[in-house]
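Note sheet for the following structure.
In full-length UniProt numbering, the protein residues as written are 1 to 135.
This is how it looks when you write it as C-alpha cells:
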C-alpha cells in the first residue's frame, strides 16, 4: 500500500525540496559568544534582557558587585570559583564578568570533563588552564 502511494507521487512533489546549506564551511561560534556584559544598569540592577543575559537576577547582581569591587581595587589578584549544577549559567556569568572588566582580564572556561582525562593528571590539567589564561 505504501509502495502504491509512493508510485502515485508526481515529479512536482519532489521539486519542493530545497538544497541544504553546507554547515561544515560555516565558522563555529562559542556557546557564549553573544554575551557582552552582565546586563546591569548604573545601580547594578539587572535588566530583563540585556548584553545577552536573561534571568539569573540575583547571580547577576552579585557578579556586578564583585566587578565593581575589582574595578575599585578592593579585591584583586584572586580567582573566582563558580559551583553549581550543569546548565545554571556559571559560564555565562563568568563571561559577563570578564566582558565587564575588559579585554585585559584573563578568562578561561574549563569543564569538569577536562579534569578527568586518562592522558594527563588533574594537576597538569589545572596548570595548563592557568597557563592558557595568563598567556
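Every residue, glycine too, gets a C-beta built ideally from N, C-alpha and C.
Sorting 113, 69, 120 by C-alpha distance to the C-alpha of residue 86 places 113 at the top. Taken through DSSP and simplified to helix, strand or coil, residue 93 comes out as helix. Closest in C-alpha terms to residue 58, from the list 90, 73, 35, 34, comes 90. Counting other Cβ atoms within 10 Å of its Cβ, residue 99 reaches 16 or more and is therefore classed as buried.
By the CB criterion at 7 Å, residue 55 and residue 40 fall outside the cutoff.
Straight through space, the alpha carbons of residue 88 and residue 75 are spaced by roughly 25 Å. A straight-line Cα-Cα distance of about 7 Å links residue 116 and residue 122.
Residue 67 sits buried, since 16 or more C-beta atoms from the chains shown fall within 10 Å of its C-beta. Around the beta-carbon of residue 106, fewer than 16 other beta-carbon atoms lie within 10 Å, marking it exposed.
DSSP places residue 50 within a strand segment (E or B) once states are collapsed to three. Distance between residue 128 and residue 93, taken at the CA atoms: about 22 Å. Secondary-structure assignment with DSSP links residue 40 through a beta bridge to 46. Taken through DSSP and simplified to helix, strand or coil, residue 120 comes out as coil.
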